[in-house]
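Under the numbering used here, think of the first position of the sequence shown as 1425, with each following residue one higher.
Even glycine gets a Cβ: it sits at the ideal position worked out from N, Cα and C.
No experiment lies behind these values; they were computed from the predicted model shown.
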Amino acid sequence: MSVVGVDFGTLKTVVAVARNRGVDVVRTCEPVTPLIRPPVLATRSLNPNLQLTTLLSTDHQ
1425 MSVVGVDFGT LKTVVAVARN RGVDVVRTCE PVTPLIRPPV LATRSLNPNL QLTTLLSTDH
1485 Q
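Below, the structure written as structure tokens:
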């Protein structure tokens, strides 16, 4: 059995997995901060591009 921990920091999010042999930290390429403002979910990163996704068009099944 494994335990997953998520730290939602100000500048980056860190995910770690604790297993029998120790703790593994999942490394990401760049920091990402999610912004949630209904009905739009925006993902802001250090990238100059801004990605927007409308929540109404997302299938939540």
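Between which two residues does the beta strand (DSSP E) harbouring residue i extend?
i, result
"Thr-1400", "Given a span of 1425 to 1485 for the chain in the structure shown, any question on residue 1400 remains unanswerable."
Assuming residue i contacts residue j (C-beta within less than 8 Å), just tell me the rounded distance between them.
i, j, result
"Arg-1443", "Ser-1426", "5 Å"
"Gly-1429", "Ala-1440", "5 Å"
Run through DSSP, which three-state label would residue i get?
i, result
"Gly-1429", "strand"
Going along the chain, which residues of its own chain have a beta-carbon closer than 8 Å to the beta-carbon of residue i, five neighbours each way excluded?
i, result
"Ser-1481", "The pLDDT assigned to Ser-1481 is 46, lower than 50, so where the model puts this residue is not dependable; a value taken from the coordinates is nonetheless given after this. Closer than 8 Å at Cβ, skipping near neighbours: no residue."
Enumerate in chain order the residues of its own chain whose CB-to-CB distance from residue i is below 6 Å, with the five nearest sequence positions on each side excluded.
i, result
"Asp-1448", "Val-1441"
"Thr-1437", "none"
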